[in-house]
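Notes follow once the structure below has been shown.
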Amino acid sequence: MGEFFSAIPEIKYEGKNSTNPFAFKYYDKDRKIMGKTMEEHLPFAMAWWHNLGANGVDMFGQGTADKSFGQAPGTMEHAKAKVDAGFEFMKKLGIKYFCFHDIDLVPEADDINETNRRLDEISDYILEKMKGTDIKCLWGTANMFGNPRYMNGAGSTNSADVYCFAAAQVKKALDITVKLGGRGYVFWGGREGYEFLLNTDMKFEQENIANLMHMAVDYGRSIGFKGDFYIEPKPKEPMKHQYDFDAATAIGFLRQYGLDKDFKMNIEANHATLAQHTFEHELRVSAINGMLGSIDANQGDPLLGWDTDEFPCNVYDATLAMYEVLKSGGLTGGFNFDSKNRRPSYTYEDMFHAFILGMDTFALGLIKAAELIEDGRIDNFVKEKYSSFQEGIGKKIRDKSTTLQECSDYALKMKKPELPGSGRQEYLEAVLNNVLFK
Ligand code: XLS
Ligand code: NI
Ligand code: NI
């Protein structure tokens, strides 16, 4: 329709020498890398909440960006205008997926029956918009943290009534996700955690969260949802202690409660750093457990201790992330820009600049990660580093065909081992720079 962003052209790839602010410099969707196109490697998604909702409001001041799209906020007209704007935006950028919380799509009513009716209406409208495009839902979720009823959590609440409301929201969000062809369904445990241990039954709360997830899996499968459920780990904010602290914690939880076959991780870069990990660490932990599903692409600020949700610009980090993604064989989910413009970047142009930045950053990360793999120096080093396990006693350890007694006899005969080979960190960092800047 070109109604909202008529001043902005369709964004095309023009190459690294282009100075056109409305062109990709690195994201060349048809370029093949390691046997797949960039578009196949990087299923990018728009986050409904940030892109069509967030207006820059913060604890100290009002919004700076006008996201009314010509309609009064809180109305269905506004909800539909957001759909129109969102589709125009995605088409102009060549983005094929979107992610949503239920109440990003429609204003929540006092009566959940009315909210559900609005969700039916808007999802019909979105389905209509999807026709003739190849835009689909990457994942859906239910906002179970904003409304005051969730002050003590959703699955972890002390109120059975509130728990049922959470269940009703999950059910409806699953319905809409399936209706819109979603690849996944996310549980981000916003308020699933606690502030004060002495008023909390932690075991009880975790069991209830797991039960809610089991019911969601049973229901989802019963309506034909074949995709993955995801946990999106985050250590804190809003709660002081969140039960899904990081990937290792979430994976342990899923295994404990028998949910590991249906769930994978949705790893958000900024949540990784809040957990005092790197993004690539969280990706590796998920991948080696067969649970790397999807990514919330953003970045935090090392000087700020909260979820700043910045658009990714750090190519070094994106390269290390894409190295993990390529090594794991790619995502079954996608790259959702759970990112927002900075408050003073309040214009429509800025929304496009932000996505061009994020998409080009991940494109560069992909190009450089593939070069790192093709270069081979890092892989060769790692292989060599553990080579003492390829034969002799090392091989027996790997084959589980030795005993503590035999290892001990071996050591005593040796009297003193040689030092392990050097870790060569500085050399490998130089290799990385060499590949990045060649
Ligand atoms: C908040 C989370 C949230 C999830 C979806 O920090 O990142 O936006 O991605 O509920
Ligand atoms: Ni997120
Ligand atoms: Ni987040």
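In UniProt numbering, the protein residues as written are 1 to 438. Backbone N, C-alpha and C fix where the C-beta goes; we use that ideal spot for every residue, glycine too. Values in this document were obtained by computation on a predicted structure and should not be read as measured data.
What are the boundary residues of the alpha helix (DSSP H) that residue i is part of?
i: residue 266; result: Run containing residue 266: none in the alpha helix (DSSP H); it sits in the beta strand (DSSP E), 263 to 268.
i: residue 223; result: No alpha helix (DSSP H) holds residue 223; DSSP gives it neither H nor E.
i: residue 169; result: 160 to 179
i: residue 352; result: 348 to 375
i: residue 78; result: 76 to 93
i: residue 52; result: No alpha helix (DSSP H) contains residue 52, which DSSP labels as neither H nor E.
i: residue 413; result: 404 to 414
i: residue 256; result: 247 to 256
i: residue 120; result: 112 to 130
i: residue 134; result: Segment: none, residue 134 is in no alpha helix (DSSP H) and carries neither H nor E.
i: residue 436; result: 425 to 436
i: residue 398; result: 392 to 398
i: residue 324; result: 315 to 327
With respect to the beta strand (DSSP E) encompassing residue i, which residues constitute its N-terminal and C-terminal limits?
i: residue 103; result: Counting along the chain, residue 103 falls outside any beta strand (DSSP E), though it belongs to the alpha helix (DSSP H) covering 102 to 105.
i: residue 7; result: No beta strand (DSSP E) holds residue 7; DSSP gives it neither H nor E.
i: residue 337; result: 335 to 337
Residue j and residue i - do their beta-carbons sit closer together than 8 Å?
i: residue 220; j: residue 174; result: yes
i: residue 452; j: residue 340; result: Outside the displayed span of the chain (1 to 438) sits residue 452, for which this structure offers no information.
i: residue 334; j: residue 45; result: yes
i: residue 180; j: residue 43; result: no
i: residue 133; j: residue 82; result: no
i: residue 295; j: residue 267; result: yes
i: residue 143; j: residue 101; result: yes
i: residue 493; j: residue 58; result: Only positions 1 to 438 of the chain appear in this structure, which leaves residue 493 out of reach.
i: residue 385; j: residue 421; result: yes
i: residue 229; j: residue 263; result: yes
i: residue 239; j: residue 191; result: yes
i: residue 87; j: residue 135; result: yes
i: residue 287; j: residue 232; result: no
i: residue 439; j: residue 141; result: Residue 439 falls outside the range modelled here, since the chain spans only 1 to 438, and no answer is possible.
i: residue 394; j: residue 401; result: no
i: residue 275; j: residue 358; result: no
i: residue 428; j: residue 378; result: yes
i: residue 11; j: residue 94; result: yes
i: residue 318; j: residue 254; result: no
i: residue 234; j: residue 244; result: yes
i: residue 98; j: residue 348; result: no
From the DSSP secondary-structure annotation, give me the bridge partner or partners of residue i.
i: residue 185; result: 140 and 229
i: residue 99; result: 47 and 139
i: residue 241; result: 194
i: residue 292; result: 265
i: residue 13; result: 24
i: residue 442; result: It is not possible to answer for residue 442, since the shown part of the chain is limited to 1 through 438.
i: residue 299; result: 310
i: residue 58; result: 61
What residue from the options has the CA that sits closest to residue i's CA?
i: residue 19; options: 356, 429 and 58; result: 356
i: residue 320; options: 305, 348 and 283; result: 283
i: residue 434; options: 158, 107 and 369; result: 369
i: residue 189; options: 183, 198, 247 and 182; result: 247
i: residue 306; options: 290, 270 and 286; result: 270
i: residue 24; options: 318, 15 and 31; result: 15
i: residue 241; options: 386, 201, 254 and 195; result: 195
i: residue 449; options: 371, 213, 38 and 276; result: Examination of residue 449 is not possible in this model, given that the chain is present from 1 through 438 alone.
i: residue 154; options: 56, 211 and 436; result: 211
i: residue 300; options: 337, 330, 332 and 80; result: 337
i: residue 205; options: 183, 165, 409 and 159; result: 159
i: residue 258; options: 207, 298, 131 and 423; result: 207
i: residue 183; options: 166, 226 and 35; result: 226
i: residue 26; options: 111, 426 and 362; result: 362
i: residue 168; options: 30, 413, 130 and 112; result: 112
i: residue 273; options: 358, 292, 287 and 309; result: 309
i: residue 372; options: 437, 415 and 404; result: 437
i: residue 148; options: 116, 110, 131 and 117; result: 110
i: residue 281; options: 322, 260, 253 and 313; result: 322
i: residue 64; options: 346, 32, 381 and 387; result: 346
i: residue 293; options: 332, 166, 38 and 424; result: 332
i: residue 360; options: 6, 163, 313 and 261; result: 313
i: residue 302; options: 278, 33 and 348; result: 278
i: residue 96; options: 40, 62 and 116; result: 40
i: residue 118; options: 98, 157, 131 and 75; result: 75
i: residue 426; options: 406, 413, 165 and 381; result: 381
Quick check: is the beta carbon of residue i nearer than 8 Å to any beta carbon in chain B?
i: residue 225; result: Structure shown: chain B not included; a single protein chain is present.
Would you say the region 56 to 74 touches the region 113 to 126, given that touching needs at least three Cβ pairs under 8 Å? No: fewer than three Cβ pairs fall under 8 Å.
Contact between the region 157 to 176 and the region 205 to 221 (3+ Cβ pairs under 8 Å): The answer is yes - the region 205 to 221 touches the region 157 to 176, with three or more Cβ pairs under 8 Å.
In chain order, what are the residues with a CB under 5 Å from some non-hydrogen atom of ligand 5? For ligand 5, the structure offers nothing, since it holds only ligand 1, ligand 2 and ligand 3.
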